[in-house]
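Numbering (the numbering used here), first residue to last: 592 to 1096.
Glycine residues also receive a C-beta, built at the ideal position from the N, C-alpha and C atoms.
Structure, rendered in structure tokens:
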């Protein structure tokens, strides 16, 4: 009996050790896929600081500079679900390679552009490349690592690098523009994407369906059109104001098309997005949490950028350096999040990440006009970024963890779409709160004081929405988790049920 017990224990230990150790091939795959994700995260934010220089370089008026960001965001959000499903059917490695090739070409065109039309076309190409590459890379990441600690470690590093990529992009954009030229904000992608492109065919698994496939064309048209119209309406409203009837018309068209998409998916023989998947509690609430994680924290970064420059009077470079502290906290969170998640579960970790993010943003609402308040910004934003990345890792695990490998492309397309839409619509909505408050007080306070009042109110609204979403996810997911645990405990205690020790021995 003792020999048998010792042998079983040794087997369990060896399995745990094997589950914690990456093979050399897995390490290479991880580097390639994380490199592509980090590069695309950098690409999202690298041009923000360079916008005035870009406008001067290609003759784009200040009133139209927002199109440099919108031209990227629209295809990145609108086509992600379609390309994620196509990657499931045609092969994820093939989709990743095609996206990287498009990114190389688009970045070269953007870096060499001499007119605004060519430059905006290049940004559309980069957005399409992001829609092709991001879900394929994430699906390959999930299917390359089995469920358990290795997958959680991979997701942790992915979350850390996504957040670090947004921060690095803002800093790198300023440095490249100041030291070299805004064109290098485009051209820096080329050697990195080319290196991954050359290595991917030999090192990455193919993935995709094994037999003949059919694509749901009506579903693809309605979801892509709906997302494009909705995101365009929100982005235009945030940039040009909400009084324009075109804004609300686009939003209405987007909602109608998305509702039609849902109807089509319930009757299609080959749905683009299975309604059964969309109705899964973990998938739905996981993506809701991811939307809050990205939309509300990206808005905080925008508000803090305004606060540091327009209220405290720091330069753009100094403001970028301030974000280095929360960026470091985000990286640390990505390393420790898998360990915490393995102990408490992804749903608990998602709620905890949102709560930490919300409370830190509430603390930021107490900032004042003196530069000494920058210490509160450093402390609270570091805590918020720690919770932010914790939420990223947990929402990815929650929304994809219970699905089989052949559906991971769709699952990761949903999470990527959630991320892209959230990043696009979060800032216009939250900034509207700040602008409305500042405008209402403009006749009674100085410009600095009215701006500060708007930022404070927007931060409070941001924090309140974050905590409400956390409470809703806790109510939806955590009771079921406890019930499942209780049911397992009852089964283990039931007469005639083999104990776990017997099953293992």
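For residue i, count neighbouring C-beta atoms within 10 Å of its own C-beta (all shown protein chains included) and say buried if the count is 16 or more, exposed if not.
i, result
"residue 650", "exposed"
"residue 1035", "exposed"
"residue 963", "exposed"
"residue 679", "buried"
"residue 861", "exposed"
"residue 823", "buried"
"residue 902", "buried"
"residue 840", "exposed"
"residue 874", "buried"
"residue 566", "Not covered by the structure: residue 566. The range shown for the chain is 592 to 1096."
"residue 896", "buried"
"residue 986", "buried"
"residue 872", "exposed"
"residue 984", "buried"
"residue 989", "buried"
"residue 867", "exposed"
"residue 1015", "buried"
Whose C-beta lies closer than 8 angstroms to the C-beta of residue i among residues of the same chain, with five residues either side of it excluded?
i, result
"residue 831", "838"
"residue 1064", "876, 879, 880, 938, 941, 942 and 945"
"residue 969", "913, 916 and 917"
"residue 617", "735, 736 and 741"
"residue 835", "827 and 828"
Grab the span of the alpha helix (DSSP H) containing residue i for me, first residue to last.
i, result
"residue 775", "775-778"
"residue 682", "It is not in any alpha helix (DSSP H) - residue 682 carries neither H nor E in the DSSP assignment."
"residue 823", "808-831"
"residue 663", "657-669"
Within its chain, find whatever has a CB closer than 7 angstroms to the CB of residue i; leave out the 5 residues flanking it on each side and keep chain order.
i, result
"residue 1051", "953 and 956"
"residue 658", "711"
"residue 744", "929"
"residue 1024", "1048, 1049 and 1052"
"residue 1059", "none"
"residue 991", "733, 999, 1002, 1003 and 1006"
"residue 1033", "1041"
"residue 819", "665 and 669"
"residue 852", "810, 813, 814 and 817"
Residues in its own chain within less than 6 angstroms of residue i by CB, not counting five upstream and five downstream?
i, result
"residue 661", "826"
"residue 1021", "890, 1049 and 1053"
"residue 848", "813, 816 and 817"
"residue 698", "777, 780 and 781"
"residue 1030", "none"
"residue 663", "714, 717 and 718"
"residue 1068", "876 and 938"
- [ ] Tell me the start and end of each unbroken alpha helix (DSSP H) in the region 843-888 that is at least 4 residues and wholly inside, in chain order.
- [x] 866-869
Open item on the list: What ranges does the beta strand (DSSP E) occupy inside the region 910-981, keeping only unbroken runs of at least 3 residues that lie completely in it?
Closed with: none
Task: Ordered list of alpha helix (DSSP H) runs contained in the region 671-748, each at least 4 residues - done: 671-681, 683-703 and 707-735
Task: the region 667-682 contacting the region 720-735, beta-carbon criterion three pairs below 8 angstroms - done: yes
Open item on the list: If contact is defined by three or more beta carbon pairs under 8 angstroms, each pair taking one atom from either stretch, is the region 789-796 in contact with the region 623-634?
Closed with: yes
TODO: Please determine if the region 681-690 and the region 976-985 are in contact, where contact requires at least 3 C-beta pairs separated by less than 8 angstroms.
DONE: no
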